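What follows is one structure encoded as structure tokens, with my remarks underneath.
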Amino acid sequence: MLQPKKTKWRKQQKGRRKGNATSGNRLAFGDFGLMALDRCWMTDRQIEAGRVAIIRFVKKSGKLWVRIFPDKPITKKPLETRMGKGKGNPEVWVAVIKPGRILFELEGLPGEMAKEAFRLASHKLPIPTRVVLRERQYVGQ
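In this note's numbering, the protein residues as written are 563 to 703.
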């Protein structure tokens with residue numbers, strides 16, 4: 563289970579998810595990336611399921627980077643609890659995803675293999691995604 567080792571505060575407010583991703587919206591490491599097209603809270607289990615799907619398909623070839631981390635605690639009150647008595651305890655950790663955010667990156671694979679790995683991973687994720695390629699800059703043109 564992914565979660566931060568230490569946070570400044572134990573509980574956070576909900577916040578707003580409007581707007582597009584301003585950071586993490588470009589390829590930084592690999593040649594291929596999986597980009598989010600919608601906004602959501604992605605849980606640690608969904609991130610791990612996507613990672614495992616990619617790793618199983620590419621086996622030992624290529625290198626994978628996970629570009630998101632669940633650092634926001636979501637609290638829940640116990641079932642059949644009356645209103646009041648404060649905020650519930652943290653139950654699940656999520657990453658805030660906005661459109662344009664790069665979720666995973668791959669390097670060292672043929673294009674078709676990377677696209678198939680990302681297709682398998684996208685079925686595990688709660689939002690629509692698309693594969694992006696690194697734009698190669700050729701010297702002398």
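We put the CB at the ideal spot given by N, CA and C, even for glycine.
Since the model is a prediction, treat every value here as computed from it, not as a measurement.
- Just measuring C-alpha positions, the residue of Glu697, Thr691, Glu653 and Gly662 sitting nearest Ser585 is Gly662.
- Inter-residue distance for Leu596 and Arg644 is about 43 Å (C-alpha atoms, whole angstroms).
- The beta carbon of Glu653 sits closer than 7 Å to those of Ile636, Thr637 and Lys638, all from its chain and outside the five residues before and after it, given in chain order.
- One Cα belongs to Arg629, the other to Ala615, and the distance between them is close to 16 Å.
- Separation of Thr605 and Asn587 (C-alpha to C-alpha, rounded to the nearest whole angstrom) is 19 Å.
- For the pair Ala583 and Lys660, the CB atoms are nearer than the 8 Å cut-off.
- Burial state of Pro632 is buried, judged by a 10 Å Cβ sphere holding 16 or more other Cβ atoms.
- Listed in chain order, the non-local C-beta contacts of Lys625 below 6 Å within the same chain comprise Glu669 and Gly670, local neighbours out to five positions each way being set aside.
- Around the Cβ of Gly612, a 10 Å sphere holds 16 or more other Cβ atoms; the residue is buried.
- Under a 10 Å Cβ-count criterion, Glu642 is classified as exposed, with fewer than 16 other Cβ atoms of the shown protein chains found around its own Cβ.
- At least 8 Å separates the beta-carbon of Ile617 from that of Leu564.
- When secondary structure is reduced to three states using DSSP, Met563 falls in the coil class, being assigned neither helix nor strand.
- Taken through DSSP and simplified to helix, strand or coil, Met597 comes out as strand.
- Under the 10 Å beta carbon count, Glu667 is surrounded by 16 or more other beta carbons and is classified as buried.
- Rounded to whole angstroms, the separation of the alpha carbons of Ala598 and Leu665 is 7 Å.
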